[in-house]
Amino acid sequence: MTTTTTVSTAVPSMTFSTEGITAPDLIDVLNGSLTDAQTAYGTDASTDLTTPQGQYAMVETAIVGDKNDQLLAFANMINPDYSSGRFQDAIGQMYFIDRNPATGTTVTATCTGLVDTDIPSGSYAQDTSGYIYYSTADATIGSDGTASVVFTNSSTGPIECAAGTLTTIYQAVTGWSGITNDAAGVLGSEEESRNNFEWRRRQMVTANSKNTIEALYAALLGITDVTDVYVFSNNTTTVISKGSTAVSIPVGTAYIAVYGGDSSDVADAFYNKLNPGCATECSTSNETSYTVTDDTNYTSNYPEYTYYWTVPTTIPVYVNVTLESNDYLPQDLTSSVQSIILEAFNGEDGGTRARIGSTIYAGRYYGGVQDIDQQNINILSIELSTDNSTFSTSLEFGIDEIPTLSSSNITVSLSS
296 MTTTTTVSTA VPSMTFSTEG ITAPDLIDVL NGSLTDAQTA YGTDASTDLT TPQGQYAMVE
356 TAIVGDKNDQ LLAFANMINP DYSSGRFQDA IGQMYFIDRN PATGTTVTAT CTGLVDTDIP
416 SGSYAQDTSG YIYYSTADAT IGSDGTASVV FTNSSTGPIE CAAGTLTTIY QAVTGWSGIT
476 NDAAGVLGSE EESRNNFEWR RRQMVTANSK NTIEALYAAL LGITDVTDVY VFSNNTTTVI
536 SKGSTAVSIP VGTAYIAVYG GDSSDVADAF YNKLNPGCAT ECSTSNETSY TVTDDTNYTS
596 NYPEYTYYWT VPTTIPVYVN VTLESNDYLP QDLTSSVQSI ILEAFNGEDG GTRARIGSTI
656 YAGRYYGGVQ DIDQQNINIL SIELSTDNST FSTSLEFGID EIPTLSSSNI TVSLSS
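For the sequence shown, the positions run 296 to 711 when this note's numbering is used.
Structure below.
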């Protein structure tokens with residue numbers, strides 16, 4: 296004969312509704328556990344938490360609370376706003392995108408040598424710290440004896456390349472005689488962070504469509520070693536001057552700025568995503584081009600399409616931080632401030648990073664600096680500059696410019 300026993304508990308359970316999953320307060324769980332103890336031992340049983348049954352109720356509350364937290368965390372993992380790790384990777388797969396692996400620092404260098412010397416993609420240079428960089432696109436030394444070439448560090452991670460440190464040709468190319476970088480590089484990163492991946496996912500929702508500016512933007516963002524992208528289309532009947540540097544965009548033309556990435560990959564994105572008949576030439580000083588050949592749909596007389604885009608000029612940013620002097624400031628204050636500001640500048644703190652055509656504000660960095668030591672740090676001012684002479688609380692960059700920052704450009708001073 297089978298005996299059925301019904302067991303009940305006063306511990307409140309989690310609730311499922313249109314609002315999602317809701318967990319009971321721990322005090323309600325504890326009271327429920329104590330009620331269960333009195334049900335088991337009798338109403339005369341003490342509910343004092345120092346008694347054995349009180350201690351058991353506290354342990355049970357901790358166990359239930361921990362499991363509730365785990366279930367809430369699991370439920371949040373299906374929300375793109377909160378997901379991380381493999382759960383976030385799975386959401387990305389719904390949009391056919393993968394988390395970016397670690398990337399190397401990207402820097403624009405000036406190469407010098409004989410006029411008309413070709414510097415092929417994949418040419419190598421070395422900085423003063425011994426890191427090896429490779430060029431991401433073919434380049435030709437112009438009539439002034441120079442060529443602007445983008446190089447990427449072969450070692451991944453946020454490795455600084457300060458101005459004037461990429462100075463050695465690592466692998467000789469006939470006619471190429473010198474190299475230097477006038478501005479710091481755009482820092483690389485470790486594997487794409489949760490916040491950056493979610494930001495890119497939002498931007499790439501249209502990546503699987505075609506013939507729209509949004510589709511092109513999304514495709515460019517997904518290219519290996521591309522650090523940043525800016526896309527704008529002039530659909531009016533007049534020439535448009537866009538941004539603080541007044542870039543002139545002709546009628547019926549798409550303006551595209553891309554920093555980093557292989558030229559063939561960039562051009563392929565144009566070919567596959569850009570609206571047919573849309574021009575791309577805007578004649579900025581840093582304009583580059585690449586020709587795509589359609590050898591898929593034809594057996595001879597292959598059509599060729601030449602696409603143009605801008606490689607943004609790297610603009611160094613200088614940051615002056617003035618703090619009130621006192622005897623209780625951390626010993627590593629300067630390095631801590633530099634690290635915090637660099638993280639914020641590159642968006643590694645979960646906020647917005649400095650981008651092509653963006654406006655950056657000094658207020659963006661106050662919170663991180665204050666958090667170094669909330670009790671002892673008093674911020675008097677944080678100011679920004681592009682020439683290390685004239686400082687202000689904000690900087691605006693053109694759509695053909697990308698801001699860069701190195702720790703050597705972050706100055707920390709104390710004032711009484």
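Cβ atoms here follow ideal geometry from the backbone N, Cα and C, with glycine treated the same way.
These figures come from a predicted structure and were not determined experimentally.
Would you report the Cα separation of residue i and residue j, rounded to the nearest angstrom?
i, j, result
"proline 375", "asparagine 395", "17 Å"
"serine 653", "glycine 538", "9 Å"
"valine 606", "serine 312", "51 Å"
"valine 614", "aspartate 666", "18 Å"
"glycine 440", "aspartate 668", "51 Å"
"threonine 586", "valine 500", "27 Å"
"threonine 706", "isoleucine 454", "19 Å"
"phenylalanine 527", "proline 319", "50 Å"
"alanine 370", "asparagine 503", "28 Å"
"alanine 564", "leucine 515", "6 Å"
"phenylalanine 391", "threonine 301", "49 Å"
"threonine 462", "isoleucine 674", "37 Å"
"alanine 478", "glycine 645", "25 Å"
"aspartate 523", "glycine 327", "55 Å"
"serine 418", "valine 444", "10 Å"
"glutamate 599", "threonine 591", "12 Å"
"methionine 372", "serine 379", "7 Å"
Would DSSP call residue i helix, strand or coil?
i, result
"phenylalanine 692", "coil"
"alanine 467", "coil"
"serine 528", "strand"
"glutamate 643", "coil"
"glutamine 670", "coil"
"aspartate 422", "strand"
"glycine 555", "strand"
"lysine 537", "strand"
"alanine 574", "strand"
"glutamate 678", "strand"
"leucine 569", "coil"
"leucine 344", "coil"
"valine 302", "coil"
"isoleucine 636", "helix"
Do residue j and residue i have their beta-carbon atoms positioned less than 8 Å apart in this structure?
i, j, result
"leucine 679", "isoleucine 655", "yes"
"threonine 400", "glycine 459", "no"
"leucine 325", "alanine 305", "no"
"serine 687", "threonine 617", "no"
"aspartate 695", "asparagine 529", "no"
"threonine 583", "tryptophan 604", "yes"
"alanine 552", "tyrosine 593", "no"
"glycine 408", "glycine 452", "no"
"threonine 699", "leucine 690", "no"
"isoleucine 290", "cysteine 577", "A query on residue 290 cannot be resolved here, the shown segment of the chain reaching from 296 to 711 and no further."
"aspartate 557", "serine 416", "yes"
"threonine 405", "threonine 475", "yes"
"arginine 489", "glutamine 383", "yes"
"valine 664", "isoleucine 651", "no"
Would you give the residue range spanned by the beta strand (DSSP E) that residue i belongs to?
i, result
"serine 450", "441-451"
"valine 587", "582-588"
"glutamate 599", "599-605"
"valine 616", "613-619"
"tyrosine 429", "427-430"
"serine 504", "Per DSSP, serine 504 belongs to no beta strand (DSSP E) and is neither H nor E."
"phenylalanine 311", "310-312"
"threonine 654", "654-656"
"serine 543", "542-544"
"glycine 315", "315-317"
Starting from residue i, trace the alpha helix (DSSP H) both ways and give me its first and last residue.
i, result
"threonine 356", "347-371"
"asparagine 491", "489-498"
"tyrosine 623", "Looking at the DSSP string, tyrosine 623 is not in any alpha helix (DSSP H), and its letter there is neither H nor E."
"cysteine 322", "Per the sequence shown, the amino acid found at residue 322 is isoleucine instead of cysteine. It spans 321-336 - the alpha helix (DSSP H) in which isoleucine 322 sits, taken as one unbroken run."
"glycine 380", "380-389"
"isoleucine 508", "508-516"
Taking the DSSP output, what are the residues bridged to residue i?
i, result
"glycine 399", "Thr451"
"asparagine 374", "Paired residues: none, contrary to the question."
"serine 703", "Beta-bridge pairing links serine 703 to no other residue."
"isoleucine 474", "Cys406"
"proline 698", "Ile610"
"serine 710", "Glu619"
"threonine 594", "Looking at the DSSP assignment, threonine 594 forms no beta bridge with any residue, so it has no partner."
"valine 521", "Gly555"
"tyrosine 550", "Phe527"
"leucine 461", "Asp422"
"threonine 435", "Asp413"
"valine 481", "Thr401"
"serine 687", "Leu679"
Within the present structure, is the beta-carbon of residue i separated from the nearest heavy atom of the ligand NAD by less than 7 Å?
i, result
"threonine 398", "Of ligands this structure carries none, so the ligand NAD is not represented either."
Is the Cβ of residue i closer than 8 Å to any Cβ of chain D?
i, result
"glutamine 388", "Among the protein chains of the structure shown there is no chain D, as only one such chain exists."
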